[in-house]
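Remarks on the structure that follows.
2 protein chains.
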Amino acid sequence: MRRVAIIGVGCTNVGEHWEKSLRNLLVDAAIRAMDDAEVETVDALFVGNMMSGALQEQEHLGALLASHLGLRGIPACKVEAACASGGMALHQAFLAVASGMYDYVMAIGGEKMTDRTTPEVTLALAMADDREYVVSTGASFVALNALVYRFYMEKFKVPQEDIALFSVHDHKYSVNNPHAQFRKPLSLEEIMKSPLVADPIRLFECAPIGDGAAAVVLAPLDKVKGKEGVVEIAASTVATDHVSINEREDMLTLWSTVAASRKAYEMAKVEPKDVDVVEVHDAFSILGVISLEDLGFAEKGKGWTLVKEGEIEKDGKVPTNTMGGLLGRGHPIGGTGLYQVIEAYYQLTNRAGSNQVDDAKVALTQSLGGVAGTSVIHILKYVR
Amino acid sequence: MRRVAIIGVGCTNVGEHWEKSLRNLLVDAAIRAMDDAEVETVDALFVGNMMSGALQEQEHLGALLASHLGLRGIPACKVEAACASGGMALHQAFLAVASGMYDYVMAIGGEKMTDRTTPEVTLALAMADDREYVVSTGASFVALNALVYRFYMEKFKVPQEDIALFSVHDHKYSVNNPHAQFRKPLSLEEIMKSPLVADPIRLFECAPIGDGAAAVVLAPLDKVKGKEGVVEIAASTVATDHVSINEREDMLTLWSTVAASRKAYEMAKVEPKDVDVVEVHDAFSILGVISLEDLGFAEKGKGWTLVKEGEIEKDGKVPTNTMGGLLGRGHPIGGTGLYQVIEAYYQLTNRAGSNQVDDAKVALTQSLGGVAGTSVIHILKYVR
């Protein structure tokens, strides 16, 4: 297997892009990433997207994007793994370079969600869970996470305020993230007073609906070593789980995250204590807390203590979501897994501005599909 | 790059499976392929599918299928490239094995189309073309192919009967294909008298709407050499084109097929004359004819002569669609690219029954997305 490096990244702001269609957003992100990587073409393209069929009545995004990028001819396809589509597109791009068949490969992900009504988007998001046996009961995706949240509070005797703190944390950091959807801080009181979406989940504990696209350019490490801004993908791993929480033995453990992260630590030859920056897939505050546990940074039932004790701050033991996470930066589904990698890349290459973590050398990103029906883990290492 | 082999295949019949949902079809095909390959698990799974979002309101097929196969945990995702989704899933599986990261990998593809109304399916199929600039005009996918058909007849002075012969050919062979949707022969007269769908395309010149799933199990060649039924994937290539015919310089050339097939011949170190069996993506009779040209088996404007002169029969110079092609076997979109590979595999392993091509050693399959916005080419070689 060839070693694989990131050589450039680019993205659009996350937000309501009324003036742009999905293809425009994808093209914008791709051009920025290619400029950043200083390449004029790539050998293959993997497009992470979940809902273009349901929301835009458009598939075949691979060829569509290759053509609109002026790269007619290059191999291209769409990769879908629900909300982990962006992370999964990067895994495919990683395999493509690792195989030796392609050298310069771009993973790009994006979603356009604000053109449709909330019920339409709610139904489309629920396609991440089991349509026949679960979604058909009327459960929305936030309702399923609410069950996890309520059970966590009951089992571990944790007040909601201690979990909602995750959202305070994220919004504190997204203030300084130029591509974040939310650029103002939120207090715990504001979060707890925000509307109830699905009991106990409050509005400001949910990642917002938004538009955005993000792209990452890869190359074989041995061809780019010595170049400015080269970061190695030391691990790229995937694991799946039963998509519905009712099928699981323990609904408070993201089993796919446990499995994929353990494979990733082995592949990258690092342990949780070696990780300097973490990006977790906090589509809801509770998922951020549980993810810290299942990635090995806290004992089960204790993830919230890391937040409360300041350990996920940029100068803490486990700097986490230092660019605002899904709650602050936003969550344009197919793009999210790549926004996370871009933000981790910024930290490793000293481009994180006032959110910079000192001397960050190793970063981990976790991209979830559904309630962790899929987990994609990447471990990145700065190369000098 | 590691060399990659097919070690087993399986599929459902193509047809109207009212009693089965998409997941059931996919599970059936997967279990048959794993039985055929004599493996109890696989290391990764790639699911080719185009329309599950639009037709089933279900995404996240990778994890859903892994779980329902009893393979919870394995890496899995959906791969989409319009009607080439099945071929593209195989390309991804090929890269996964070639990279060295995964050993036993399954590519599976399927579609469930008969649960929805014809207008719903027609709109979903049109997602293969450009929704914003072309489909919005009201053009259906068959209408776009009708433009190509009409122009071909005009430019090369070919009567429709000579092109429609492709459908006669396919139906002759699907009679003996146990998993084909159509098991009775059709005369040229019956085809020419069938209802007009989009002038000049007649109903029996169109691949039918149907349900089905097909799966192929891959392994590193060096781990399975000497085993019964091992076929090497000597080439797996992809090329894209502008998705809409109005953007192309020459709408009678499937440029992506030209590009991908030339790369494939080079990769497999064969020439068109070395190919013993061909599977072309004849979603419409005209696409079968043009594909023969663009794959290098006939000059531009002369593909139909191969059909008329019997050269695509099982004992001809270029045995083509010897199990019935899309017109006869059927075209469950995401499955089709893998049905083609299964049928080529049957020919190479002497399992094609009364349609067997004598002494077949090299096979080529062509999987198209849209009007060849994407082409995926595989060249298979029998290994002894």
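Which chain is which? The protein sequence lines are A and B, in order. The first sequence lines up with residues 0 to 383 when you count with numbering that gives the first Met the number 0. The second sequence lines up with residues 0 to 383 when you count with numbering that gives the first Met the number 0. Beta carbons: idealized from backbone N, C-alpha and C, even for Gly.
Please tell me whether residue i and residue j are closer than 8 Å, where the distance is taken between their beta carbons.
{"i": "histidine 280(B)", "j": "leucine 251(B)", "result": "no"}
{"i": "glutamate 231(A)", "j": "arginine 22(A)", "result": "no"}
{"i": "glycine 334(A)", "j": "glycine 52(B)", "result": "no"}
{"i": "isoleucine 200(A)", "j": "alanine 145(A)", "result": "yes"}
{"i": "alanine 43(A)", "j": "alanine 75(A)", "result": "yes"}
{"i": "proline 428(B)", "j": "aspartate 210(B)", "result": "Here chain B covers residues 0 to 383 and nothing more, so residue 428(B) does not appear."}
{"i": "tyrosine 148(B)", "j": "isoleucine 285(B)", "result": "yes"}
{"i": "leucine 63(B)", "j": "aspartate 129(A)", "result": "yes"}
{"i": "glycine 287(A)", "j": "alanine 127(A)", "result": "no"}
{"i": "alanine 214(A)", "j": "alanine 28(A)", "result": "yes"}
{"i": "histidine 90(A)", "j": "valine 237(A)", "result": "yes"}
{"i": "valine 361(A)", "j": "aspartate 273(A)", "result": "yes"}
{"i": "phenylalanine 45(A)", "j": "alanine 92(A)", "result": "yes"}
{"i": "threonine 364(A)", "j": "glutamate 292(A)", "result": "no"}
{"i": "leucine 196(B)", "j": "cysteine 205(B)", "result": "The question names leucine, but residue 196(B) in the sequence shown is valine. Yes, they are a contact pair."}
{"i": "lysine 77(B)", "j": "asparagine 48(B)", "result": "yes"}
{"i": "lysine 316(B)", "j": "aspartate 161(B)", "result": "no"}
{"i": "alanine 282(A)", "j": "histidine 59(B)", "result": "no"}
{"i": "serine 260(B)", "j": "leucine 305(B)", "result": "no"}
{"i": "valine 120(A)", "j": "lysine 224(A)", "result": "no"}
Taking 8 Å as the CB-CB cut-off, is residue i touching chain B?
{"i": "threonine 335(A)", "result": "no"}
{"i": "glycine 137(A)", "result": "no"}
{"i": "alanine 234(A)", "result": "no"}
{"i": "histidine 241(A)", "result": "yes"}
{"i": "alanine 53(A)", "result": "yes"}
{"i": "proline 219(A)", "result": "no"}
{"i": "cysteine 10(A)", "result": "no"}
{"i": "valine 237(A)", "result": "yes"}
{"i": "methionine 33(A)", "result": "no"}
{"i": "proline 74(A)", "result": "yes"}
{"i": "histidine 59(A)", "result": "yes"}
{"i": "arginine 71(A)", "result": "yes"}
{"i": "arginine 130(A)", "result": "yes"}
{"i": "lysine 77(A)", "result": "yes"}
{"i": "glutamine 91(A)", "result": "yes"}
{"i": "methionine 49(A)", "result": "yes"}
{"i": "leucine 122(A)", "result": "yes"}
So what does DSSP say about residue i, is it helix, strand or coil?
{"i": "serine 193(B)", "result": "coil"}
{"i": "valine 78(B)", "result": "strand"}
{"i": "aspartate 210(A)", "result": "strand"}
{"i": "glutamine 55(B)", "result": "helix"}
{"i": "isoleucine 376(B)", "result": "strand"}
{"i": "serine 366(A)", "result": "strand"}
{"i": "proline 219(B)", "result": "strand"}
{"i": "arginine 247(B)", "result": "coil"}
{"i": "tyrosine 381(A)", "result": "strand"}
{"i": "glycine 14(A)", "result": "strand"}
{"i": "serine 98(B)", "result": "helix"}
{"i": "leucine 44(B)", "result": "strand"}
{"i": "valine 274(B)", "result": "coil"}
{"i": "glycine 72(A)", "result": "coil"}
{"i": "phenylalanine 296(B)", "result": "coil"}
{"i": "glutamate 312(A)", "result": "coil"}
{"i": "glutamate 231(B)", "result": "strand"}
Check the C-beta distance from residue i over to residue j and give it rounded, since I have them as a contact under 8 Å.
{"i": "glycine 323(B)", "j": "alanine 179(B)", "result": "5 Å"}
{"i": "threonine 321(B)", "j": "glycine 61(A)", "result": "That pair is no contact at about 30 Å."}
{"i": "alanine 233(A)", "j": "isoleucine 6(A)", "result": "Not a contact, Cβ separation roughly 15 Å."}
{"i": "phenylalanine 203(B)", "j": "glycine 327(B)", "result": "About 10 Å separates the two Cβ atoms, so there is no contact after all."}
{"i": "valine 167(B)", "j": "serine 186(B)", "result": "7 Å"}
{"i": "threonine 117(B)", "j": "leucine 70(B)", "result": "Rounded, the Cβ-Cβ distance is 35 Å, inconsistent with contact."}
{"i": "serine 255(B)", "j": "alanine 371(B)", "result": "5 Å"}
Are any of the Cβ atoms in chain A nearer than 8 Å to that of residue i?
{"i": "leucine 146(B)", "result": "no"}
{"i": "threonine 373(B)", "result": "yes"}
{"i": "serine 66(B)", "result": "yes"}
{"i": "aspartate 102(B)", "result": "no"}
{"i": "methionine 250(B)", "result": "no"}
Does the contact criterion of 3 or more C-beta pairs under 8 Å hold for the segment 343-353 of chain A versus the segment 95-107 of chain A? no
Count the C-beta pairs between the segment 108-124 of chain A and the segment 10-17 of chain A that are closer than 8 Å, then say yes if the count reaches three, no if not. yes
Using 8 Å as the threshold, is the segment 369-379 of chain A in touch with the segment 74-90 of chain A, meaning 3 or more CB pairs across them? yes
Cβ contact check for the segment 19-39 of chain A and the segment 29-37 of chain B: 3 or more pairs under 8 Å: no
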